[in-house]
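**Q** Have a look at this one before I ask anything.
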Amino acid sequence: MPSLVVSPSTGALNRRLDAITCKSRFKSIRTRVNRLAGLFCAILLTIDVVANDWEIISYVGNGRHFLTPLLDVESVDDMEVDYSFPAMSSPNGVSKIGRFMIDVALAQLIDRTGASYVLSMGSFSINDPSSNLCGSLRQTYPVFGTAISKNNSIHLGTVKDGIAYLRGNTLTHLLGSSVTSHVAAPGANDKQLQDLGYVPSRAIADIRITTPLPLPPPGQVTQFNLSIYRFFDIVLLGVYALH
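Heads up: the sequence shown begins at 1 in UniProt numbering, then just goes up one per residue.
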């Protein structure tokens with residue numbers, strides 16, 4: 001009679017070993033992923049701290065180059081003396097809010113305490129005619145002695161101020177009729193705008209000044225390639241009112 005040999009079953013043990021091995025591998029993979037994610041976040045944080053640090057950008061950047069035209073201008077009255085402005089586009093011809101904004105901008109430009117940062121954001125070409133920044137300078141300018149430099153050249157400039165009005169929000173624009181219903185006509189005054197639901201949102205002061213323009217002899221027409229500097233000040237009226 002043949003003998004009966006009984007061997008222990010290893011199926012459950014093998015399955016347990018396989019489960020332990022998979023769990024160990026999963027834990028190892030998760031650890032590596034966490035380390036890579038942490039390293040990636042650390043790299044991004046380092047780049048953000050260095051690239052977006054206003055103190056560093058203001059110190060090593062070339063943004064202060066753009067302050068050159070107004071470095072020796074301490075007040076609105078100084079601008080009137082050093083630059084030639086059209087009669088209707090001069091610093092003293094804007095509103096009180098516009099003049100206040102120009103005064104604040106000049107104070108920030110000549111500030112040396114580090115309270116203001118000057119950041120260079122790179123350069124780009126303006127190819128769209130609607131974005132032409134030089135069109136407002138096509139005006140008639142008075143020529144007076146204080147604005148003429150030693151090399152018989154003159155600096156030109158224009159100043160424009162205004163208040164932007166807004167109505168509605170994203171939801172009313174998408175779901176309502178705030179964009180199409182009862183739109184204000186060009187030239188509407190403050191009362192007319194507020195009656196239509198518009199509210200003052202921001203005040204602007206736009207200063208544009210040129211590099212020296214050589215003065216031609218009287219009666220002679222000449223052409224020059226002239227560079228301009230633009231200083232665009234914005235005050236959010238809602239935020240400003242809270243302070």
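Where a beta carbon is used, it is the ideal one built from N, C-alpha and C, also for glycine.
Nothing here was measured: the structure is a model prediction, and the numbers come from that model.
#1: Give me the Cα-Cα distance between I97 and V33, rounded to the nearest whole angstrom.
#2: I'd like to confirm the pairing. Which residues does DSSP put opposite R202 in its beta bridges?
#3: How many angstroms separate the CA atom of S123 from the CA atom of N62?
#4: To the nearest angstrom, how far is it from the Cα of S130 to the Cα of F85?
#5: Can you tell me whether G157 is buried or exposed, with buried defined as 16 or more other CB within 10 angstroms of its CB?
#6: Among S149, V159, K150 and G176, whose alpha-carbon lies nearest the alpha-carbon of R138?
#7: What residue ranges within the stretch 29-72 form continuous alpha helix (DSSP H) runs of no fewer than 4 residues, ordered along the chain?
#8: Excluding the five sequence neighbours on either side, which residues of its own chain have a C-beta within less than 6 Å of the C-beta of D161, listed in chain order?
#9: How far does the alpha helix (DSSP H) with M79 in it reach, from first residue to last?
#10: By the DSSP assignment, the alpha helix (DSSP H) with M88 in it spans what residues?
#11: Could you compute how far the alpha carbon of L242 sits from the alpha carbon of K150?
#12: Go ahead and label E80 buried or exposed: buried means 16 or more other beta carbons lie within 10 angstroms of its beta carbon, across all protein chains shown.
**A** Result, derived from the coordinates:
#1: 56 Å
#2: A164 and L236
#3: 11 Å
#4: 23 Å
#5: buried
#6: V159
#7: 54-60
#8: V94, S95, G98 and A205
#9: V76 to D82
#10: Looking at the DSSP string, M88 is not in any alpha helix (DSSP H), and its letter there is neither H nor E.
#11: In this prediction, L242 scores a pLDDT of 30, lower than 50, which makes its location untrustworthy; no coordinate-derived value is stated.
#12: buried
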